[in-house]
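K.L.:
Just passing along the structure, written as structure tokens.
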Amino acid sequence: MPEENRSTVTEFILSGFPGLQPKYQGLAASVLFLVYFLTLIGNVTVIFLFATDRRLHKPMYYIILNLSACDILFSTTTLPKIIAKYWFQSGTISFTACFVQMYFVHYLASVNSCVLFLMALDRYLAICHSLRYSLILKNSTILILSITAWVVPKAGALMLVIRAYPLPYCASNIINHCYCDHIGITTLACTDRAAYSVPALVYAMVILLGPLAFIIFSYCCIITAVLKVTNIQSRLKTLSTCSTQLIIILLYYVPRCFVYLASNVGITFSADIRIVIIMLYSLLPPMINPLIYCLRAKDMRESLQKRIKRKTIPQKAQVSSITD
Numbered sequence: 192m193p194e195e196n197r198s199t200v201t202e203f204i205l206s207g208f209p210g211l212q213p214k215y216q217g218l219a220a221s222v223l224f225l226v227y228f229l230t231l232i233g234n235v236t237v238i239f240l241f242a243t244d245r246r247l248h249k250p251m252y253y254i255i256l257n258l259s260a261c262d263i264l265f266s267t268t269t270l271p272k273i274i275a276k277y278w279f280q281s282g283t284i285s286f287t288a289c290f291v292q293m294y295f296v297h298y299l300a301s302v303n304s305c306v307l308f309l310m311a312l313d314r315y316l317a318i319c320h321s322l323r324y325s326l327i328l329k330n331s332t333i334l335i336l337s338i339t340a341w342v343v344p345k346a347g348a349l350m351l352v353i354r355a356y357p358l359p360y361c362a363s364n365i366i367n368h369c370y371c372d373h374i375g376i377t378t379l380a381c382t383d384r385a386a387y388s389v390p391a392l393v394y395a396m397v398i399l400l401g402p403l404a405f406i407i408f409s410y411c412c413i414i415t416a417v418l419k420v421t422n423i424q425s426r427l428k429t430l431s432t433c434s435t436q437l438i439i440i441l442l443y444y445v446p447r448c449f450v451y452l453a454s455n456v457g458i459t460f461s462a463d464i465r466i467v468i469i470m471l472y473s474l475l476p477p478m479i480n481p482l483i484y485c486l487r488a489k490d491m492r493e494s495l496q497k498r499i500k501r502k503t504i505p506q507k508a509q510v511s512s513i514t515d
């Protein structure tokens with residue numbers, strides 16, 4: 192390789208939040224650790240309830256199980272390194288490790304998008320084709336679709352890494368982000384980025400807007416079907432079965448679409464604001480989603496209440512036996 196094309200960067204530095212003053216770095220690390228801790232506790236609880244309660248072995252909860260697993264993996268991929276930066280001043284990441292992180296960031300985001308597609312499909316079939324729902328969407332079908340949602344995105348994420356890894360990185364090694372992603376890395380390359388950014392943008396739009404197009408279509412069909420129901424109570428009951436998934440879908444897509452549209456209509460953000468927005472829509476949904484499941488999904492809420500009662504009743508019995 193010619194000398195001018197050889198990469199001289201051996202490690203990258205994550206800037207985190209560029210404008211964050213040193214006296215607030217400990218607080219930032221504590222908040223990020225709390226987010227990570229609550230994300231793990233909430234999603235592990237969902238997985239535990241699913242594993243121990245056979246009533247949850249239904250298509251909808253299989254999909255939620257996939258989302259919980261994806262949320263745990265995404266948070267584990269992104270948060271520990273930025274927490275270490277602010278707690279232990281360890282903001283450097285090796286060249287290869289950065290690309291490994293980039294792969295999992297884009298791969299898991301793609302899996303998340305596919306799982307939300309399955310959520311919309313589940314509600315669409317349950318409401319618009321209710322008589323055939325149990326025949327079409329069996330547990331075995333969901334298993335096949337879930338495996339597909341985890342396997343298909345591998346190729347696109349791998350393509351991003353394979354094309355970006357050999358680029359010459361001979362200038363700054365500071366990534367203006369809290370984790371390694373395609374834009375953050377390739378902007379540091381000493382070459383024309385257009386040939387690499389355009390395919391990456393197309394991939395992102397396909398994986399983001401493809402499922403979103405079906406989600407919009409499915410909920411249009413759902414609303415049309417609900418409006419045909421004459422009984423108001425039945426309408427509300429039908430809509431309530433969609434509310435959990437609709438909230439989750441909105442949390443995922445609305446901020447992403449806002450950032451994309453804002454950048455295309457000329458609205459600019461400072462580096463700190465941009466990173467804060469990205470961190471909010473990347474890390475808050477994995478933390479909030481389990482709370483939404485347990486409060487809004489009837490079977491999961493009842494399963495959680497039953498587990499809590501099992502623990503509190505023996506404790507009360509033990510206390511009463513001691514006092515007697």
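In our numbering, each number is its position in the sequence shown, counted from 1, plus 191.
We put the CB at the ideal spot given by N, CA and C, even for glycine.
(1) Going by the CB atoms, is the gap between PRO402 and LEU307 shorter than 8 angstroms?
(2) Which of the three DSSP states is assigned to SER337 in this structure?
(3) Mapping the DSSP letters down to three states, classify ILE458 as helix, strand or coil.
(4) Counting along the chain, where does the beta strand (DSSP E) carrying PHE203 start and finish?
(5) Mapping DSSP to helix, strand and coil, what is THR377?
(6) What do you reckon, are the CB atoms on SER301 and GLU202 nearer than 8 angstroms?
(7) I want to know whether the region 311 to 322 touches the region 227 to 247 - three or more CB-CB distances under 8 angstroms.
(8) Between LEU379 and ALA362, is the Cβ-Cβ spacing less than 8 angstroms?
(9) Is TYR253 near ILE333, with beta carbons less than 8 angstroms apart?
(10) According to DSSP, is SER285 part of a helix, a strand, or is it coil?
(11) Decide yes or no for the touch test of the region 466 to 486 against the region 366 to 383: beta carbon pairs closer than 8 angstroms, at least 3 of them.
(12) So, is TYR443 buried or exposed, given that buried needs 16 or more other C-beta atoms within 10 angstroms?
(13) Quick check: what's the CA-CA separation for LEU522 versus ALA385?
(14) In terms of alpha-carbon separation, which member of PHE208, ILE483, ARG501 lies closest to THR432?
(15) For ILE413, collect the residues of the same chain with a Cβ closer than 7 angstroms to its Cβ; drop the 5 residues on either side in sequence, then sort them by chain order.
(16) By alpha-carbon positions, which one of VAL450, LEU256, VAL200 ends up nearest to GLY233?
(17) To which residues of the same chain is ALA348 closer than 7 angstroms at the C-beta, ignoring the five residues directly before and after it?
(18) Could you tell me which residues DSSP pairs with ILE365 in its beta bridges?
(19) Pull up the distance between the alpha-carbon of ASP490 and that of LYS329, whole angstroms please.
(20) Which residue wins for smallest C-alpha separation from LEU264, given the options ILE439, GLN292, ILE464?
(21) What number of angstroms, rounded off, separates the C-alpha of VAL237 from the C-alpha of LEU430?
(22) Using C-beta distances below 7 angstroms, list every residue in its chain close to LEU399, excluding the 5 sequence neighbours before and after it, in chain order.
(23) Buried or exposed for PRO250, going by 16 or more other Cβ atoms inside 10 Å?
(24) With DSSP run on the structure shown, which of helix, strand or coil describes ASP244?
(25) Using a 10 Å radius around the Cβ and a threshold of 16 neighbouring Cβ atoms, would you call LEU218 buried or exposed?
(26) What whole-angstrom Cβ distance do CYS289 and ILE353 have, given they're in contact under 8 angstroms?
(27) Look at the Cβ atom of ILE440, then the Cβ atom of ILE406, and state whether they are nearer than 8 angstroms.
(28) Give the C-beta separation of LEU225 and LEU474 to the nearest angstrom, bearing in mind that I take them to be a contact with Cβ-Cβ under 8 angstroms.
(29) Classify GLN496 as helix, strand or coil using the three-state DSSP reduction.
(30) Hey, could you find the ends of the alpha helix (DSSP H) ASN257 is sitting in?
(31) Rounded to whole angstroms, what's the CA-CA distance from PHE408 to TYR277? Just pull it up for me.
(32) Could you tell me if GLU195 is buried or exposed, where buried requires 16 or more neighbouring beta carbons within 10 angstroms of its beta carbon?
(33) Any chance you could list the alpha helix (DSSP H) runs of at least 4 consecutive residues sitting entirely within the region 376 to 454, in chain order?
P.N.:
Once the coordinates are examined:
(1) yes
(2) helix
(3) coil
(4) 202 to 205
(5) helix
(6) no
(7) no
(8) yes
(9) yes
(10) strand
(11) yes
(12) buried
(13) What is shown of the chain runs 192 to 515, which leaves residue 522 out entirely.
(14) ILE483
(15) ARG314, TYR315, ILE318, CYS319, CYS433
(16) LEU256
(17) TYR294, HIS297, TYR298, SER301
(18) ILE204
(19) 18 angstroms
(20) GLN292
(21) 23 angstroms
(22) SER304, ARG447
(23) buried
(24) coil
(25) exposed
(26) The Cβ separation is near 15 angstroms, so there is no contact.
(27) yes
(28) Between LEU474 and LEU225 the Cβ distance is about 11 angstroms, and since that is not below 8 angstroms, they are no contact.
(29) helix
(30) 250 to 279
(31) 44 angstroms
(32) Caution is warranted here: a pLDDT of 46 is assigned to GLU195, below 50, making its placement in the model unreliable, and the coordinate value is therefore given only provisionally. Exposed, since its Cβ has fewer than 16 Cβ neighbours within 10 Å.
(33) 385 to 418
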